[in-house]
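Inspection log for the structure reproduced underneath, given as structure tokens.
Protein chains: 2
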Amino acid sequence: MINVIGIGQNRENMTLGAVKAIEESDVIIGYKKYINQIEDLVLGKEIIKKGMGDEIYRAEMAIQKSLEGQTVSLISSGDPGVFGMANVLYQIVSKYDGVEVKVYPGVSALNYASSHLGAPLHDFAAISLSNILTPLSEIEKKLRHALEANLIVAIYNPISKTRKEPFRRFKQCVLDIKGENALIGIVDSTYEPPKATIVEVKNLTEDIVNMSCTLIVGNDITYQQEDKLITPRGYVIRSDIHELSRNHYEKFLNGEIAHGPNRDCDYYPCHWDGQYCDFCYCPFYPCGDSATGGEWIKGKNVWNCKDCNWLHKKEAVECLREPLENILEEVEDLKAKKKTLLKLRKACLLHVDPNDL
Amino acid sequence: MINVIGIGQNRENMTLGAVKAIEESDVIIGYKKYINQIEDLVLGKEIIKKGMGDEIYRAEMAIQKSLEGQTVSLISSGDPGVFGMANVLYQIVSKYDGVEVKVYPGVSALNYASSHLGAPLHDFAAISLSNILTPLSEIEKKLRHALEANLIVAIYNPISKTRKEPFRRFKQCVLDIKGENALIGIVDSTYEPPKATIVEVKNLTEDIVNMSCTLIVGNDITYQQEDKLITPRGYVIRSDIHELSRNHYEKFLNGEIAHGPNRDCDYYPCHWDGQYCDFCYCPFYPCGDSATGGEWIKGKNVWNCKDCNWLHKKEAVECLREPLENILEEVEDLKAKKKTLLKLRKACLLHVDPNDL
């Protein structure tokens, strides 16, 4: 019997099942660093520590010991199914008959890193930059697609002393696709507790990243909230329709609101010359999503659109206007159809089809 | 103090930190089903159970209790950072001053599902099909890019009684991009232990999927090995160069091996009429990777290229020939440069640039 065990990143996020399986094993096999992490759990057992890169030796050894009738624990950091020992073991175990394997999943580096950064994940990709057995062209293709798709991107094995080219390509992909202000969280596990840093990609230099780091690249709506990296999952704030907003959207529904700048307005330009006025009042208020620059006034339960003027940009208005006319049948729909409205907002922010919600 | 806690999928993959934090909390808040899972750990504590969809209520309640000075555990299934409570809490906590938050990462559904399927992951994407707050067009864009990029794709929230359209789109994307034989692993957690099934996408019907399922879509080299779904991570098998292979590649290096079919050969066509003979002996032997149809002869330590004839296809030869000529300077390089050769093989299998390894 071979238990392929993920021991997480530290004792706190090790699973109960991993502890029990290790206790019940006769032989413990793993990379030195990981065995050292569980030294107190393996006293009196046969221990086979090997260096990095000896994956095949470790897998073969686990199989031999298992065929001899021993219960073996093959140790991976994090989750053995995520760039760990599970794949290699299953490839090699097919040489033999009658070896039973059980995989114990663990907390992977991306989950650990995210917990220290705040809440950066929504739909995401996990990509290893190790090109030891993976072509650079394959890595770059995956990075480009994931970034284009607006997935959050978690990076494993970002750099090593001898492997710097994949990291350079990665940085260039983010610059090309996301621009220089894209937010990247870096969690460095050489420290305990780990050191979490948030930088814009233009400031991502090789000296602040090492092989014990996990990187999380935000998507187009990820924002920094104090020292945390947050990707809004979205939620609906119930709120009454303000009188001024009600008046505006009654006119809007009657076709009385012109498209573009309203230079006849006494207050024009309340933001900047050239601003569009189709949505004088925000149809999404309160969105509760700081991605466009709004924020809560602390302790007041008031949403403040402080730095948000997205709604007055030509591009936003051109995306929103027609679908909004289709969604709003009466002013009450500003409240009743809030979920649909928030999806429309997101579609326009992320440049996907606003008529396919 | 608010602990945002991932309790994994079951007791076995709950972390030590989660257990301890729950024990040290005064108030436990969560969706009913998850609280029931940890009933024995929360005896005597204040418990606030709410239904699905009450995320905001739960987050606000956690904040209120914390502001009253209590230690609160806000419970998520799996990992709270992966489609869990962490994002919503961080969005709402910004309303208030002085609320301390700690996220306890957990084993997410994709890690759990993978452990029951075998070892299906390599670089991957995780995408939720819930379109409650996410536009369908955004979901479809992410699916298409992830599949095009050859990422493994883990699917959360695949279907519900009222939400079937995203699932239909998902299936169509896989059919369009991967073809009808693409392998999909389904892990259904309504069973304990969970039920793992592997199907080709053409056989993926709505009746075999429910909201407790996690799906894992394989990439172009994922294969089924008995009842397991495996994506080879790749590893290098050291092996001597066979005499016949040595002879062939000596001629190859001398420019004596013609391009295309070798109809003058006594054995032509050993596979099929029209086969290419540039690589009469496989330059990657033994690759140890069942993705192209080879397998180990059990108990013999012999790699058998049984169902692999990829190397004799026009398309493969046209991709491989020139880069191989650049890599091989002498016959010994078949052994000495095995890592590079395996990267070349992978680049051609995955249709990425074979000159950029």
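Residue numbers (our numbering), protein chains in the order written: chain A, 681 to 1037; chain B, 681 to 1037. Ideal Cβ placement from N, Cα and C applies to all residues, glycine included.
Check                                                                                                                                                                                           : Outcome
Taking contact to mean at least 3 C-beta pairs separated by less than 8 Å, is the segment 897-907 of chain A in contact with the segment 792-808 of chain A?                                    : yes
Using the DSSP secondary-structure output, state which residues sit across from Y836(A) in a beta bridge.                                                                                       : S808(A)
Taking the beta carbon of A938(B) as the centre, do at least 16 other beta carbons fall within 10 Å, making it buried, or is it exposed?                                                        : exposed
Hey, does Y711(B) have any beta-carbon neighbour from chain A nearer than 7 Å?                                                                                                                  : no
Who are the near neighbours of D987(B) in its chain, counting only those whose CB is closer than 6 Å to its CB and skipping five residues on each side?                                         : G973
Report the three-state DSSP secondary structure of D706(A) (helix, strand or coil).                                                                                                             : coil
Is V787(A) helix, strand or coil by DSSP?                                                                                                                                                       : coil
Under a Cβ-count criterion, where at least 16 other Cβ atoms within 10 Å of its own Cβ denotes burial, should D720(B) be classed as buried or exposed?                                          : exposed
On the CB-based measure, 16 or more other CB atoms within 10 Å of its CB, does L790(B) come out buried or exposed?                                                                              : buried
Of all the CB atoms in chain B, is at least one closer than 7 Å to the CB of T751(A)?                                                                                                           : no
Give a yes or no on whether the C-beta atoms belonging to A739(A) and L769(A) are separated by under 7 Å.                                                                                       : yes
Among N830(B), V779(B) and R849(B), which residue has its Cα nearest to the Cα of I839(B)?                                                                                                      : R849(B)
Could you give the C-beta distance for E880(B) and N861(B), rounded to a whole number, given that I count them as a contact under 8 Å?                                                          : 5 Å
Answer with yes or no whether the minimum CB distance from D777(B) to chain A is below 7 Å.                                                                                                     : yes
Assign T695(A) to buried or exposed, taking buried as 16 or more other Cβ atoms, counted over all protein chains shown, within 10 Å of its Cβ.                                                  : buried
Can you tell which of L816(A), S705(A), E828(A) and P873(A) has its C-alpha closest to the C-alpha of K1026(B)?                                                                                 : L816(A)
Got a sec? Which residues, its chain only, sit under 6 Å from S757(B) by beta carbon, not counting five neighbours each side?                                                                   : Y714
Grouping DSSP H, G and I as helix and E and B as strand, with all else coil, what is G731(A)?                                                                                                   : coil
Please list, in chain order, the chain A residues whose beta carbon lies closer than 7 Å to that of L1030(B).                                                                                   : E818
Going straight from the alpha carbon of H992(B) to that of G954(B), what length do you get?                                                                                                     : 9 Å
What residue range does the beta strand (DSSP E) around L754(B) cover?                                                                                                                          : V752 to S756
Give the DSSP bridge partners of C893(B), in chain order.                                                                                                                                       : D868(B)
Under a three-way DSSP split, which group does A1027(B) fall into?                                                                                                                              : helix
How is the alpha helix (DSSP H) around I937(A) delimited, first residue to last?                                                                                                                : Taken as a continuous stretch (DSSP letters only), I937(A) belongs to no alpha helix (DSSP H), as it is neither H nor E.
Do you know how far the Cα of I819(A) is from the Cα of H1031(B)?                                                                                                                               : 12 Å
Could you compute how far the alpha carbon of E975(A) sits from the alpha carbon of V781(B)?                                                                                                    : 19 Å
Starting from the C-beta of F932(A), find all residues in its chain whose C-beta is less than 7 Å away, skip the five residues before and the five after it, and write them out in chain order. : none
Which whole-angstrom value describes the C-beta separation of V787(B) and N693(B), a residue pair presumed to lie in contact below a C-beta threshold of 8 Å?                                   : 4 Å
Whose C-alpha, out of V779(A), Y784(A), D920(A) and A766(A), is nearest the C-alpha of K700(A)?                                                                                                 : Y784(A)
For A876(A), which residues does DSSP report across the bridge?                                                                                                                                 : V867(A)
Just curious, the beta strand (DSSP E) that I977(A) is in, first and last residue?                                                                                                              : E975 to I977
Spatial neighbours of S705(B) within its chain, please: CB distance less than 7 Å, with the 5 preceding and 5 following residues excluded, ordered by chain position.                           : N683, K725, T751, V752 and S753
Going by DSSP, which residues form a beta bridge with G798(A)?                                                                                                                                  : L909(A)
What does a CB cutoff of less than 6 Å around K745(B) pick up in its chain, not counting 5 residues either side in sequence?                                                                    : V707 and V752
Using a Cβ-Cβ cut-off of 7 Å, state whether F964(B) counts as contacting chain A.                                                                                                               : no
Give the DSSP bridge partners of N683(A), in chain order.                                                                                                                                       : S753(A) and K782(A)
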